[in-house]
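Novice:
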Amino acid sequence: MKIFETERLEIRRLKSMDREHFAELFTDPKVLELIPQTAFTENQITDRFNKSLNLKLSDLNDQKCAFGIFKKRETELIGLALFLINEDNEKELGYRFRKKYWGKGYGTETTKGMLEYYFQQMNVSKVTADVNIANVGSVKILDKFMKPVSEFFNERDNCTDRRYELEKNNWLQQWL
């Protein structure tokens, strides 16, 4: 089930064949260092993966959802598009990519596509994103699209996060 596509990418529901690369996104020290997170256990990976296999479009409205990011016409999972809900019950975007796909513009392309999906398909009024300020690549991506509104200590991940926001009206003026 395809969620949306961009110029080079397709965001879709995961399939059972994606498990190995999905697991890499939760165990690769380089990927986890920038989030930051500790490596997931095999059971945690299995639980997350199985939930992602069964997602429906309607789930985007009321729960956290992880969909696969793929290069068009290819079957290898390169990352995850994360449709989240923050502690203030606001829509939040996130993403993570396998290390070999860093620096190729996929994060920027995915972020733009997710914002378009949130605003055009889901008709939300505001989207947020939280990023570890040490994650320079993601900070640069979010600075292109969204406005930083606060910084706070993230106790769960033991880092300082920056919160970004973009309201639909500002997005319409900026990107359409």
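For the sequence shown, position 150 matches number 150 in UniProt numbering, and the numbering has no gaps at all. Heads up, the beta-carbon is just placed ideally off N, CA and C, and yes, glycines get one too.
#1: Taking only three categories from DSSP, how would you classify Pro36?
#2: Short check: CB of Arg13 to CB of Phe83, under 7 Å?
#3: Which residues in the same chain as Tyr164 place their Cβ atom closer than 6 Å to its Cβ, once the five residues preceding and following it in sequence are excluded?
#4: If you draw a straight line from the C-alpha of Asp18 to the C-alpha of Trp102, how long is it?
#5: Considering only their Cβ atoms, is the gap separating Phe49 from Phe70 smaller than 7 Å?
#6: If we ignore side chains and look at the alpha-carbon of each, how far apart do Glu87 and Ser16 end up?
#7: Quick check on this structure: which residue in Asn154, Ala134 and Glu24 has the alpha carbon closest to the alpha carbon of Gln44?
#8: Tell me, to the nearest whole angstrom, how far the beta carbon of Ala81 is from that of Met114; I am working on the premise that it is less than 8 Å.
#9: Whole alpha helix (DSSP H) runs in the stretch 86-132 with 4 or more residues, listed along the chain?
#10: Could you please give the first and the last residue of the uninterrupted beta strand (DSSP E) stretch that includes Ser52?
#11: Looking at the unbroken beta strand (DSSP E) that takes in Glu151, where does it start and where does it end?
#12: Quick check on this structure: which residue in Ile78, Arg73, Gln63 and Lys104 has the alpha carbon closest to the alpha carbon of Leu93?
#13: According to DSSP, simplified to helix, strand and coil, what is Phe26?
#14: Roughly how many whole angstroms lie between the Cα atoms of Lys56 and Tyr118?
#15: Considering only DSSP beta bridges, list what Lys2 is partnered with.
#16: Which partner residues of Asp161 appear in the DSSP bridge assignment?
Specialist: On the basis of the coordinates in this document:
#1: Taking the sequence shown and counting its residues from 1, one reaches residue 36 at position 36. Three-state DSSP puts Pro36 in coil, outside helix and strand.
#2: In the sequence shown, the residue the question calls residue 13 occupies position 13. In the sequence shown, the residue the question calls residue 83 occupies position 83. No.
#3: Against the sequence shown, residue 164 aligns to sequence position 164. Excluding positions up to five away in sequence, the list reads Ala129, Leu142, Met146 and Pro148.
#4: As a working mapping, residue 18 is identified with position 18 in the sequence shown. As a working mapping, residue 102 is identified with position 102 in the sequence shown. If you take the alpha carbons of Asp18 and Trp102, they lie about 19 Å apart.
#5: Numbered from 1 along the sequence shown, position 70 holds the residue referred to as residue 70. Numbered from 1 along the sequence shown, position 49 holds the residue referred to as residue 49. It is not a contact, given that the beta carbons lie outside the stated cut-off.
#6: Mapped onto the sequence shown, residue 87 falls at position 87. Mapped onto the sequence shown, residue 16 falls at position 16. Rounded to whole angstroms, Glu87 to Ser16 spans 31 Å at the Cα level.
#7: Locating residue 44 in the sequence shown gives position 44, counting from the first residue. Minimum Cα distance to Gln44 is reached at Glu24.
#8: If you number the sequence shown from 1, residue 81 lands on position 81. If you number the sequence shown from 1, residue 114 lands on position 114. At roughly 6 Å, the Cβ-Cβ gap stays under 8 Å, so Ala81 and Met114 are in contact.
#9: 106-116
#10: Within the sequence shown, the letter at position 52 stands for residue 52. No beta strand (DSSP E) holds Ser52; the alpha helix (DSSP H) holding it covers Glu42 to Leu53.
#11: In the sequence shown, counting from the first residue as 1, residue 151 sits at position 151. Element bounds for Glu151: Lys147 to Asn154.
#12: Translated into the one-based positions of the sequence shown, residue 93 becomes position 93. Selected option, being the one with the closest Cα: Gln63.
#13: The residue labelled residue 26 in the question sits at position 26 within the sequence shown. Note: Phe26 maps to coil in three-state DSSP.
#14: On the sequence shown, position 56 is the one that residue 56 refers to. On the sequence shown, position 118 is the one that residue 118 refers to. Using only the alpha carbons, I get a separation of about 16 Å.
#15: Walking along the sequence shown from the start, residue 2 turns up at place 2. Looking at the DSSP assignment, Lys2 forms a beta bridge with Arg12.
#16: Here the question's residue 161 lines up with position 161 in the sequence shown. Paired residue(s): Asn132 and Phe152.
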